[in-house]
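Shown next, in structure tokens, is the structure this report addresses.
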Amino acid sequence: MSDGVTVLLIGCGKMGGAMLAGWRSWPGFGAAVVEPKAPVKTDDVVRLYMDGSELPADFAPDAVIVAVKPQEMDNAAPVYQRFVQPGTVFLSIAAGKTIASFEGYWGKDAAIVRAMPNTPAAVGRGVTVLVANDQVSEDQRVLCQRLLEAVGSVEWVEDEGMLDAVTAVSGGGPAYVFLLMEALADAGVAAGLPRALSESIARQTVEGSGELSRQSSDKPETLRKNVMSPGGTTAEAVGVLDAPDGIRPLFERAIAAATQRSRELA
Ligand SMILES: NC(=O)c1ccc[n+]([C@@H]2O[C@H](COP(=O)([O-])OP(=O)(O)OC[C@H]3O[C@@H](n4cnc5c(N)ncnc54)[C@H](OP(=O)(O)O)[C@@H]3O)[C@@H](O)[C@H]2O)c1
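First residue of the sequence shown? That's 180 in the numbering used here, and the numbers climb one at a time after it.
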């Protein structure tokens, strides 16, 4: 990260805290953090404020990162309208809050980037999809990308409408993977394994498969076929899972339902 980046972080809970931990080591980095719970202390890098109204009048951050719950936004966001200036980009990670809703707080001159991260961000392995309004400069896009790369990888879309499906796929995605762990373990128990053993091997199978996928350049289809031999046990199970009424149409319905719910909530 280039020297001298200064940010204002609003909300330092799970996501805000994880991001701040990633930024701290950047040379010249400084942050003002507004968070009533005081999860961090004022030190050389961070200055803590309990309320946005306490921020110094001459404070001019490069980015204002909004990391409070969506339902807190109407209460939290409007006070930061005074930071709308060409040198400052607003970056929201609040699920479902649209760019239009932020323009409602800060006006159409505000440079706004909306992000959809997911929970593996807590361990630096999230994936975040970003979309910007027309006021965001190229340098500000780069800054927002770097801010989110502190907790994982980053993708951009140009059409904000895609964020509903992104929310369904990667936002909720970790829950589907954990459900897979649960279902695999339950099925092992039904097949005669002790629960503790079944839960342990199901969990480690998902963890190991994720790591194998990360380290491999092969597509998931190839990795899957590598496990299957014709007429073997895995092919038997995949024949059930990948039947015409199997996991693919089920996922299609699940993602369509979540996408629709995201549209409704927005
Ligand atoms: N967690 C995830 O994996 C995840 C994934 C994707 C997107 N997100 C988004 O990330 C945002 C933050 O989520 P989170 O899980 O980090 O929530 P969180 O742990 O509850 O953190 C939010 C923090 O903001 C504080 N806060 C509330 N009102 C405030 C205000 N007016 N000014 C400053 N701070 C305020 C909260 O304090 P109190 O608890 O006292 O209210 C809390 O400590 C949400 O908008 C969520 O949609 C989270």
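No residue lacks a Cβ here, since even glycine has one placed at the ideal position from N, Cα and C. Remember, it's a predicted structure, so these values are computed and weren't measured experimentally.
message: I need the straight-line Cα distance from Asp421 to Thr413, nearest angstrom please.
response: 12 Å
task: Report buried or exposed for Arg220, applying the criterion of at least 16 other Cβ atoms within 10 angstroms of its Cβ.
output: Residue identity check: residue 220 is Lys in the sequence provided, not Arg. Counting Cβ neighbours within 10 Å, Lys220 comes out exposed, since fewer than 16 surround it.
field: Sequence-distant residues of the same chain with beta carbon closer than 6 Å to Ala210, five excluded per side
entry: Val186, Leu188 and Val225
- request: For Gly121, name the three-state secondary structure that DSSP assigns.
  value: No answer is possible for residue 121: the residues shown for the chain start at 180 and end at 445.
- prompt: With 16 other CB atoms within 10 Å as the buried threshold, where does Asn297 fall?
  reply: buried
query: In the segment 271 to 326, which residue ranges form an unbroken beta strand (DSSP E) of at least 3 residues, counting only runs that do not cross its ends?
result: 290 to 295 and 305 to 311
query: Going by other Cβ atoms of all chains shown within 10 Å of its Cβ, with 16 needed for buried, is Trp202 buried or exposed?
result: buried
message: Suppose you measure from the CA of Ala433 to the CA of Ser232; what does that come to, to the nearest Å?
response: 43 Å
- prompt: Regarding Ile189 and ligand 1, is the C-beta to nearest heavy atom distance less than 7 Å?
  reply: yes
- request: Rounded to whole angstroms, what's the CA-CA distance from Phe281 to Leu372? Just pull it up for me.
  value: 52 Å
task: Spatial neighbours of Pro423 within its chain, please: CB distance less than 6 Å, with the 5 preceding and 5 following residues excluded, ordered by chain position.
output: none
query: At a cut-off of 7 Å, is Met341 close to ligand 1 when judged by its beta-carbon and the heavy atoms of the ligand?
result: no
field: Neighbourhood of Ser181 by C-beta, 6 Å cutoff - its chain only, sequence neighbours within 5 removed
entry: The predicted position of Ser181 is uncertain, since its pLDDT is 47 and thus under 50; a value taken from the coordinates is nonetheless stated next. None.
field: Cα-Cα separation between Gln260 and Glu317, rounded to whole angstroms
entry: 22 Å
task: Could you work out which residue in Pro265, Gly425 and Val302 is closest to Gly286 when comparing CA atoms only?
output: Pro265
- prompt: Is the number of C-beta pairs between the segment 321 to 329 and the segment 338 to 349 that are closer than 8 Å three or more?
  reply: no
field: Separation of Gly351 from Pro218, as counted between CA atoms
entry: 26 Å
- prompt: The beta strand (DSSP E) spanning Thr185 covers which residue range?
  reply: Thr185 to Ile189
Residues of its chain near Gly275, where Cβ-Cβ distance is below 8 Å and the 5 sequence neighbours each way are ignored: Pro249, Thr346, Ser441, Leu444 and Ala445
query: Can you give the beta carbon distance from Ala294 to Leu270, rounded, assuming they're within the 8 Å contact cut?
result: 6 Å
Segments assigned alpha helix (DSSP H), at least 4 residues, entirely inside the segment 347 to 378: 352 to 369
query: Secondary structure at Ala217, three-state DSSP: helix, strand or coil?
result: coil
- request: Indicate whether Val212 and Leu199 have their beta-carbon atoms separated by less than 8 Å.
  value: yes
field: heavy atom of ligand 1 below 7 Å from Glu251 C-beta
entry: yes
message: So, at 8 Å on beta carbons, what are the nonlocal neighbours of Asp288 in its own chain, with the 5 sequence-adjacent residues on each side left out?
response: Val263 and Gln314
- prompt: By Cβ distance below 8 Å, which residues in the same chain neighbour Ala255 in space, the five residues on each side in sequence not counted?
  reply: Ile189, Gly190, Gly231, Val245 and Val247
message: Can you check which of these residues, Asn312, Gly195, Gln383 and Gly303, is closest to Met360 by C-alpha distance?
response: Gln383
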